Amino acid sequence: MGGRIRSYRRDGFTFDVLDDGPLDGDVVVLLHGFPERATSWGSVAPLLHAAGLRTLAVDQRGYSPGARPRRRRDYRATELADDVAALVELVGGPVHVVGHDWGSFVAWALAARRPDLVRTLTAVSVPHPAAFERALLTSRQGLKSWYMLLFQIPFLVELSARRRGGAFDKGLRQSGMTPSEIARCRTEVVEYGALRGGLSWYRAIVFADRELARRPILAPTTLVWSDGDTAIVRKGAELTAAHVQGPYVFVELPGVSHWIPTQAPEQLATAILDRVWSV
């Protein structure tokens, strides 16, 4: 299709899209993490546009108002990956896929489930699922991931997030978010009604497809990880290479927090472009 994509539908749900850059450019699909939306790519996307690429940044399941199912099982990895697959098929893929945080998880799942749709993969912060699982058992990753258990408690985080400056905001600040980024999160996620949907990704972990999570990745892949990440330890990043059969590059960003797209956009854009131009 030749025009801009502002939204698309799959399985009765409507997903909002930020479609920018030259229409005739190679397509890069940008997948946000928690607790952010497509706007988290606002500093990265223009750098990709300047290089001639078109970007499609999606408000994913639970974030787009038209795609907020109530059941936990509706947020399992296969559904999240198939949501993105529908967009790629709409533009006539394959495409370059970039994901940060939970968006990386979706990108890994898409590359494993539909390798025909992924030209290249750039995963930001989060390693291959099997590498992450191994790191949980062999490093400090288990201690770093304590909040995932906290997020399983119904309504706890939702109630905490109602109070500005409370435990929710404090957790974001401790993770490295700046005051302006926390304010954006409150406006674009909490007040937008997307927090419950974002938390449902964590709450659907019990429905994980373990076979899918262990599939090797065939696409040329880059993992970008930062040593200031308070949520993801280096071990998972080190183990990821064993799960990628295609060309693989590991990029480490020193002195950067977990929030790479907003705090190190130039470095991230360089890593993305290096991967895109490698094929």
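Be aware that the sequence shown starts at 589, since it is given in the working numbering, and climbs by one per residue. Note that beta-carbon positions come from the ideal geometry of N, C-alpha and C, so glycine has one too. The structure displayed is predicted, hence computed values, not measured ones.
Contiguous beta strand (DSSP E) elements confined to the region 693-774 occur at 706-712, taking only those with 3 or more residues. Between the alpha carbons of R750 and I741 lies a distance of about 16 Å. Runs of the beta strand (DSSP E) lying entirely within the region 619-677, each at least 3 residues long, are 642-646 in chain order. Fewer than three pairs of CB atoms, one per stretch, sit closer than 8 Å, so the region 654-661 makes no contact with the region 622-637.
Pairing S733 with V712 gives a Cβ-Cβ distance that is not under 8 Å.
Secondary structure remark: continuous beta strand (DSSP E) runs of at least 3 residues inside the region 796-832, in chain order: 809-814. Straight across, the Cα-Cα distance linking D797 with A669 is about 12 Å. Judged by pairs of C-beta atoms under 8 Å, the region 802-810 touches the region 703-718, as three or more such pairs exist. In this structure the region 591-605 lies against the region 635-651, because at least three pairs of beta carbons, one per stretch, are closer than 8 Å.
Per the coordinates, the alpha-carbon of V672 lies some 32 Å from the alpha-carbon of R728. Excluding residues up to 5 positions away in sequence, R598 lie with their Cβ nearer than 6 Å to the Cβ of A674 in the same chain. A contact is defined here as three or more CB-CB pairs under 8 Å, and the region 826-835 meets this definition with respect to the region 712-721.
The bridge partners DSSP lists for Y836 are T809. Under the DSSP definition of a beta bridge, S595 partners with D604. In this structure, the beta-carbon distance from V676 to V632 does not fall below 8 Å. The Cβ neighbour count for K758, taken over all protein chains shown within 10 Å, is under 16; the residue is labelled exposed.
In this structure, the beta-carbon distance from V864 to D614 falls below 8 Å. Distance check between G754 and each of R774, P853, D817 and G764 places R774 closest, using alpha-carbon atoms only. Ranked by how close their Cα comes to the Cα of D862, the residues R656, G609, V683 and T810 have T810 in first place. Annotation for T818: K732, Q762, S763, G764, S845 and H846 place their beta carbon closer than 8 Å to its own, counting only its chain and skipping 5 residues before and after. With a 10 Å radius around the Cβ and a threshold of 16 neighbouring Cβ atoms, R722 comes out buried. When rounded, the separation of the alpha-carbon atoms in Y790 and G640 is 36 Å. Distance from the Cα of D815 is smallest, within the candidate group T666, G834 and I848, for I848. Counting along the chain, the unbroken beta strand (DSSP E) around G687 starts and ends at V683 to H688.
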